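Worksheet: the structure to be examined is printed underneath.
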Amino acid sequence: THRRAIPTFRIRSENPAMSDDERDNGEEGDFADWNEEEDEGQRRARCLFSSRTHPSPTAALAHAADAFGFDLRDLTARYGLDFYGTIMALNYARTVAKDRGASGGTDDAESKVAAERAIEGIAAGEHRDERFLVPALEDDGVLFEWEEFVGTDAAGQDDDDDDDEGLHGAEAVDDDEDDPVVNAEIAASSTDPRVTAELARQLSAAIEENDALRFKMLELTGEPEDDAPTNVGAASLPAGVVESKRPPAKPVPVKPSPRRSDPRPDRRSALPTVDEDYFGGYGFFDIHRTMLDDVPRTAAYRDALERNPSLIEGAKVLDVGCGTGILSMFAARGGASAVVGVDGAAPMAACARANVAHNGVDNRVSIVQGKVEELLRNGDIPGGANSYDVLVSEWMGYGLLFESMLDTVIAARDAMLKPGGAVLPDVATIHVAGFSRNATSQPFWDDVYGFEMPAVQADLAEEAAKLAVVHGVKGAHVCTTDGVVKSLDLATMTVLDTEFSSEEVLITARTDGVRGDENDDSVKAGGGRGATGLTQRSADPVPDHDAEPIMCHGIVVWFDTAFSERFCKEAPAVLTTSPHAERTHWAQTLLHFPEPVALVPHGSFWWGKDQPKMGLIGTRTNPAKGIKVRIGMAKCKEEERARGLDISLEYEPVLEDGTPGTRKARMYQM
Numbered sequence: 001t002h003r004r005a006i007p008t009f010r011i012r013s014e015n016p017a018m019s020d021d022e023r024d025n026g027e028e029g030d031f032a033d034w035n036e037e038e039d040e041g042q043r044r045a046r047c048l049f050s051s052r053t054h055p056s057p058t059a060a061l062a063h064a065a066d067a068f069g070f071d072l073r074d075l076t077a078r079y080g081l082d083f084y085g086t087i088m089a090l091n092y093a094r095t096v097a098k099d100r101g102a103s104g105g106t107d108d109a110e111s112k113v114a115a116e117r118a119i120e121g122i123a124a125g126e127h128r129d130e131r132f133l134v135p136a137l138e139d140d141g142v143l144f145e146w147e148e149f150v151g152t153d154a155a156g157q158d159d160d161d162d163d164d165e166g167l168h169g170a171e172a173v174d175d176d177e178d179d180p181v182v183n184a185e186i187a188a189s190s191t192d193p194r195v196t197a198e199l200a201r202q203l204s205a206a207i208e209e210n211d212a213l214r215f216k217m218l219e220l221t222g223e224p225e226d227d228a229p230t231n232v233g234a235a236s237l238p239a240g241v242v243e244s245k246r247p248p249a250k251p252v253p254v255k256p257s258p259r260r261s262d263p264r265p266d267r268r269s270a271l272p273t274v275d276e277d278y279f280g281g282y283g284f285f286d287i288h289r290t291m292l293d294d295v296p297r298t299a300a301y302r303d304a305l306e307r308n309p310s311l312i313e314g315a316k317v318l319d320v321g322c323g324t325g326i327l328s329m330f331a332a333r334g335g336a337s338a339v340v341g342v343d344g345a346a347p348m349a350a351c352a353r354a355n356v357a358h359n360g361v362d363n364r365v366s367i368v369q370g371k372v373e374e375l376l377r378n379g380d381i382p383g384g385a386n387s388y389d390v391l392v393s394e395w396m397g398y399g400l401l402f403e404s405m406l407d408t409v410i411a412a413r414d415a416m417l418k419p420g421g422a423v424l425p426d427v428a429t430i431h432v433a434g435f436s437r438n439a440t441s442q443p444f445w446d447d448v449y450g451f452e453m454p455a456v457q458a459d460l461a462e463e464a465a466k467l468a469v470v471h472g473v474k475g476a477h478v479c480t481t482d483g484v485v486k487s488l489d490l491a492t493m494t495v496l497d498t499e500f501s502s503e504e505v506l507i508t509a510r511t512d513g514v515r516g517d518e519n520d521d522s523v524k525a526g527g528g529r530g531a532t533g534l535t536q537r538s539a540d541p542v543p544d545h546d547a548e549p550i551m552c553h554g555i556v557v558w559f560d561t562a563f564s565e566r567f568c569k570e571a572p573a574v575l576t577t578s579p580h581a582e583r584t585h586w587a588q589t590l591l592h593f594p595e596p597v598a599l600v601p602h603g604s605f606w607w608g609k610d611q612p613k614m615g616l617i618g619t620r621t622n623p624a625k626g627i628k629v630r631i632g633m634a635k636c637k638e639e640e641r642a643r644g645l646d647i648s649l650e651y652e653p654v655l656e657d658g659t660p661g662t663r664k665a666r667m668y669q670m
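Using the numbering used here, read the sequence shown as starting at 1 and increasing by one per residue.
As C-alpha cells, then:
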C-alpha cells in the first residue's frame, strides 16, 4: 500500500527509517547528486540492431533512425506510444534483432532488415506484451534516456545543444568485452520458472539501478489509454477459476498522446493523475522491500493465511493489491484451491506473475493487472461475481485511511465475495494518546554539536501546525493513557464509514509514573501491553507535591487491525502499530498542538482542591486533569490530493471536577 509520501500529497515524515520516502519526494541533495552523476560522463549505449556501441543513448537512437529507418520520434507520434508503450517497443526491437542474429555483428544489411521487421511488429501491436517491460539488455541506457532523443528536433540536435558529431558523426566502436544481451529464450518465454526468475531479476535490476527511470516513470504510469486491462489467459488460470466471459479487446489504433505535442514539456505541466502517481509509486521494489521487511505486518498476514486451515484450505482467495504476490503465495501454501492476485502497477504485476511461477504455485495462483474498479466494471476479474470465499488485502495507509485504498477493498468485497465470506483483516481500530516534546524532532535542534538552531525549530513547528507528521514514537515518549476513537468492521462497513467524526475520549496522565519527558535511557516502557496498550504497574506512585506538570505537545494516532476469531478460528492475530509495540513501517501520525497542554502527574496532589489556580486551564499554573479528544477523518476534496486525507482535531483540557478549559479545533493535511 504507496503509503510512501507521494509528491502531490502534502505529508511530512520525520522518521529516519523512512529516508527513502523523502528521497522519493525529491530532496534537493539527492536530486542534485543524481544530476551530477549524469553530468560527469555520458552513458555509452549499444545499437538497437547491431553490436556497435555509441557515445550516448541519443547517439544510438539517432544512428538507428539515420542508418536503419527506426526513428523512435516518428514511432511514438505515429502509434501514440506512452511511456510503457515506448519501453516495450524498444525491448521488442532488441528482441527482434537478437532473434534475427543482427545484434551479434555489424552487418548493416541484416540490421536494416531487423529494423524493418521491428517497425512492422510495432505497427501491428506485437510489442504490447508484458514480457517486453523486462529489459532485453542489461543496464540499457536507451531505456533510461530515450525521452531525451524524442525531445530532439528533426535535425537531431536537442535543447541542450549536444554536439552534432556526438549524435551523428562519432565513429561507432565494437564492444567485444561483454555481451549483456539477454538470451532469446529469456526474452521470449514466460513459462519456465528459471526463465521467469531471470525476468524478475532483470526487472528489479533495471528499476533499482537508475533513479532516473524512477523519476520518469512517475510522470506517466499505467497502460495506454485505449488498451483493455491486462488479463490472464484460460490456460494459465488456476483450477476452480472460470475465465471471464468478456471477449478480448481488439487492438485499437491509439491517437497520439497530447504529451507528444510539446516534445519537451515542463515537468510541472505534465504531472500524472493522482491514481497514476499512486500506482506508479508502488511499481518500485524499495517500497515492497520496506513492507516485506516489516515483520509484525508480514508475519500477521502469514499466520492468518497459513495457520487457519478451516478458513483457507480449499478456498478461493482474492488478493487485492497483490504487489510481489507474497500474500497470494501465503494463501496457496495455506491450502487455497485457487488464488487471484490483482495489482494496478504493470511492472509489479509482471513481477508477481514471475514470482508465482518460480515458486511453483502458478497452477493455483494467477495475477491480473489493472485498477480494481475498472476490472470490476468490465468483468475482467476471473471467477465471476460473488464467487470468492476469502478476500485478503494489505490496504492500510498512514493513520489507517491515508491513500483511500479501503474504498477499493470494499468495492471488491461487495462484488466478488460470497455472502458471509471472510475479509482479512476483518476489524480495524484507531487509537489516540498524548505525546511529549521528546516524541518530536525538536530536541535534536536544541544542541547540534554545541549550536542551537531555533530557526529550524520554528520552521518545523509552523509546518507541523498544518500537516500531519508521520514519525516513529517511542513508548517512553507517550505521556498519557490512550483511547479508541473509531472501530471499523471491515466485513460489513460501507464506503460512507471511511469518513467520520469520532466519539469523544478522555486521556489523562499515565498511571505507571512515566511522564514522557525523561531521557531515553532513564525509562524502559512498553515491555508488554494491557487493554490500553500501556505497561501498568501494580501500585500507584507515591504522591509528589513538588512534581512538575506533564506537558502534552499533541496527539499521536495509530491503528490496530485484527484477524479475529470470527474468521480465523484456529489462530487469530492482531497487527498493531502502537508506539508501545515493535515498530512497523507505518510508524505513527502526530497532530501537534500550537501550544502544549499541562497535565497533573498521576498521583500528584500539588494541585488539589485547596491549591490556588491561576491562568487558563491546561497551563503550567493551572494544569488539567485530562484532555477530551475528538478526531475526524475525511477524504480530501482537492483534485491533486484525491488520495489524501484531511484530519480534524478537537481537544479540551478539563479539571478533576469536570470544569472545561478552552475548546480548540484544528485541521491537518495528510
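Note that beta-carbon positions come from the ideal geometry of N, C-alpha and C, so glycine has one too.
Just so we're clear, the structure is a prediction, and the values are computed from it rather than from any experiment.
Problem set entry | residue 487 to residue 384 span [Cα, whole Å] | In the sequence shown, residue 487 corresponds to position 487, counting from 1. In the sequence shown, residue 384 corresponds to position 384, counting from 1. Using only the alpha carbons, I get a separation of about 31 Å.
Problem set entry | Bridge partners - residue 433, DSSP secondary structure assignment | Position 433 of the sequence shown holds residue 433. Paired residues: 482, 556.
For this session: Would you verify that the beta carbon of residue 143 is, or is not, closer than 8 Å to some beta carbon of chain D?
Result: Absent from the structure is chain D; it holds one protein chain and no more.
For this session: Would you kindly work out how many angstroms separate the C-alpha atoms of residue 359 and residue 304, rounded to a whole number?
Result: Counting from 1 along the sequence shown, the entry for residue 359 is found at position 359. Counting from 1 along the sequence shown, the entry for residue 304 is found at position 304. Residue 359 and residue 304: Cα-Cα distance of roughly 20 Å.
Problem set entry | Where residue 75 falls: helix, strand or coil (DSSP) | The sequence position of residue 75 within the sequence shown is 75, counting from 1. Correct three-state label for residue 75: helix.
Exercise. Taking the alpha carbon of residue 474 as the point to measure from, which residue in 439, 362, 142, 446 has its own alpha carbon closest?
Worked result: Here residue 474 refers to the residue found at position 474 of the sequence shown. The residue with the shortest Cα to Cα distance from residue 474 is 439.
Problem set entry | Cα-Cα separation, residue 367 to residue 316 | Position 367 of the sequence shown, counted from the first residue, corresponds to residue 367. Position 316 of the sequence shown, counted from the first residue, corresponds to residue 316. Cα to Cα, the separation comes out at about 14 Å.
Exercise. With distances taken between CB atoms, is the gap from residue 436 to residue 477 smaller than 8 Å?
Worked result: Within the sequence shown, residue 436 is the residue found at index 436, counting from 1. Within the sequence shown, residue 477 is the residue found at index 477, counting from 1. Yes. Within cutoff.
For this session: Report back the beta-carbon spacing between residue 119 and residue 399 to the nearest angstrom; my notes put them in contact at under 8 Å.
Result: Counting from 1 along the sequence shown, the entry for residue 119 is found at position 119. Counting from 1 along the sequence shown, the entry for residue 399 is found at position 399. The pair is not a contact, with the Cβ atoms about 51 Å apart (cut-off 8 Å).
Exercise. For residue 358, which of helix, strand or coil comes out of DSSP?
Worked result: Counted from its first residue, the sequence shown places residue 358 at position 358. Looking at residue 358 - three-state DSSP - the assignment turns out to be helix.
Exercise. Is residue 52 helix, strand or coil when you go by DSSP?
Worked result: As a first step, residue 52 is located in the sequence shown; it is residue number 52 there, counting from the start. DSSP places residue 52 in strand when its eight states are reduced to three.
Exercise. If we count Cβ pairs, one from each stretch, closer than 8 Å, do we get three or more for the region 318-330 versus the region 347-362?
Worked result: yes
Exercise. What whole-angstrom Cβ distance do residue 411 and residue 499 have, given they're in contact under 8 Å?
Worked result: Taking the sequence shown and counting its residues from 1, the one referred to as residue 411 is at position 411. Taking the sequence shown and counting its residues from 1, the one referred to as residue 499 is at position 499. With a Cβ gap of about 16 Å, residue 411 and residue 499 do not count as contacting.
Problem set entry | residue 180 versus residue 353: straight-line alpha-carbon distance, rounded | Your numbering for residue 180 matches position 180 in the sequence shown. Your numbering for residue 353 matches position 353 in the sequence shown. Since pLDDT at residue 180 reaches only 35, below the 50 mark, its modelled position is unreliable, and the value read off the structure follows with that caveat. In a straight line, the C-alpha of residue 180 is about 24 Å away from that of residue 353.
Exercise. What does a CB cutoff of less than 8 Å around residue 426 pick up in its chain, not counting 5 residues either side in sequence?
Worked result: Locating residue 426 in the sequence shown gives position 426, where the first residue counts as 1. Hits under 8 Å: 489, 490, 491, 562, 563, 564, 566, 567.
Problem set entry | Secondary structure of residue 619, DSSP reduced to three states | Stepping through the sequence shown from its first residue, residue 619 is reached at position 619. In this structure, residue 619 counts as strand in the three-state DSSP scheme.
For this session: Could you have a look at residue 569 and say whether DSSP puts it in helix, strand or coil?
Result: As a position in the sequence shown, residue 569 is number 569, starting the count at 1. It is coil, neither helix nor strand.
For this session: For the region 455-470 and the region 492-511, state whether three or more C-beta atom pairs, one from each stretch, are separated by less than 8 Å.
Result: They do not touch, by the three-pair rule.
Exercise. Is the region 455-469 touching the region 361-378, taking contact as three or more C-beta pairs under 8 Å?
Worked result: Contact fails: fewer than three Cβ-Cβ distances are below 8 Å.
Problem set entry | Option in 592, 420, 551 with minimal Cα separation from residue 463 | What you label residue 463 is simply residue 463 of the sequence shown in a count that begins at 1. Taking only the C-alpha atoms, the option nearest residue 463 is 592.
Exercise. In the structure shown, what three-state DSSP assignment does residue 299 receive?
Worked result: As a working note, residue 299 is residue 299 in the sequence shown. If DSSP states are grouped into helix, strand and coil, residue 299 belongs with the helices.
For this session: Use the C-beta contact count for residue 69: other C-beta atoms within 10 angstroms, 16 or more gives buried, fewer gives exposed.
Result: Taking the sequence shown and counting its residues from 1, one reaches residue 69 at position 69. Under this definition residue 69 is an exposed residue.
For this session: Can you check the region 405-470 for any beta strand (DSSP E) of at least 3 residues that lies completely inside it and give the ranges in chain order?
Result: 417-424, 427-435
Exercise. Can you pull the DSSP bridge partners for residue 626?
Worked result: Numbered from 1 along the sequence shown, position 626 holds the residue referred to as residue 626. Beta-bridge pairing links residue 626 to 508, 654.
For this session: Give the DSSP bridge partners of residue 647, in chain order.
Result: Translated into the one-based positions of the sequence shown, residue 647 becomes position 647. For residue 647, which the question treats as bridged, DSSP gives the partners 633, 668.
Exercise. Ends of the alpha helix (DSSP H) at residue 121?
Worked result: As a first step, residue 121 is located in the sequence shown; it is residue number 121 there, counting from the start. First-last of the alpha helix (DSSP H) with residue 121: 108-123.
For this session: Closer than 7 Å by C-beta to residue 93: which residues in its own chain qualify, once you throw out the five before and the five after it? Chain order, please.
Result: Here the question's residue 93 lines up with position 93 in the sequence shown. In the same chain as residue 93, and ignoring 5 residues on each side of it, the C-beta atoms closer than 7 Å to its own belong to 48, 70, 118, in chain order.
Problem set entry | For residue 549, the three-state DSSP class (helix, strand or coil) | Here residue 549 refers to the residue found at position 549 when the sequence shown is read from its first residue. Coil, per DSSP.
Problem set entry | Residue(s) in a DSSP beta bridge with residue 489 | Walking along the sequence shown from the start, residue 489 turns up at place 489. In the DSSP output, where bridge partners are listed per residue, residue 489 has 427.
Problem set entry | Close-in-space but distant-in-sequence residues of the same chain around residue 100 (CB under 8 Å, 5 per side omitted) | Taking the sequence shown and counting its residues from 1, the one referred to as residue 100 is at position 100. Contacts found: 110, 113, 114, 117.
For this session: Give the secondary structure of residue 397 by DSSP, where H, G and I count as helix, E and B as strand, and everything else as coil.
Result: Along the sequence shown, one-based indexing puts residue 397 at 397. Residue 397 falls in the strand class under three-state DSSP.
For this session: Classify residue 663 as buried or exposed, calling it buried when 16 or more other Cβ atoms lie within 10 Å of its own Cβ.
Result: Sequence index remark: in the sequence shown, residue 663 carries index 663 (1-based). By the neighbour-count rule (16 or more Cβ atoms within 10 Å), residue 663 is not buried but exposed.
Problem set entry | Close-in-space but distant-in-sequence residues of the same chain around residue 424 (CB under 8 Å, 5 per side omitted) | Here residue 424 refers to the residue found at position 424 of the sequence shown. Cβ neighbours of residue 424 within its own chain (closer than 8 Å, five residues either side excluded): 301, 304, 305, 390, 391, 392, 393, 563, 567, 568.
Problem set entry | Distance between beta carbons of residue 336 and residue 297, contact taken as under 8 Å | For the purposes of this step, residue 297 is taken as the residue at position 297 of the sequence shown. For the purposes of this step, residue 336 is taken as the residue at position 336 of the sequence shown. The Cβ separation is near 20 Å, so there is no contact.
Exercise. Per DSSP, residue 312 is paired with what?
Worked result: In the sequence shown, the residue the question calls residue 312 occupies position 312. According to DSSP, which records beta bridges pairwise, residue 312 is partnered with nothing at all.
Problem set entry | Element boundaries [beta strand (DSSP E), containing residue 366] | Position 366 of the sequence shown, counted from the start, is the residue given in the question as residue 366. Run containing residue 366: 365-369, per the beta strand (DSSP E) assignment.
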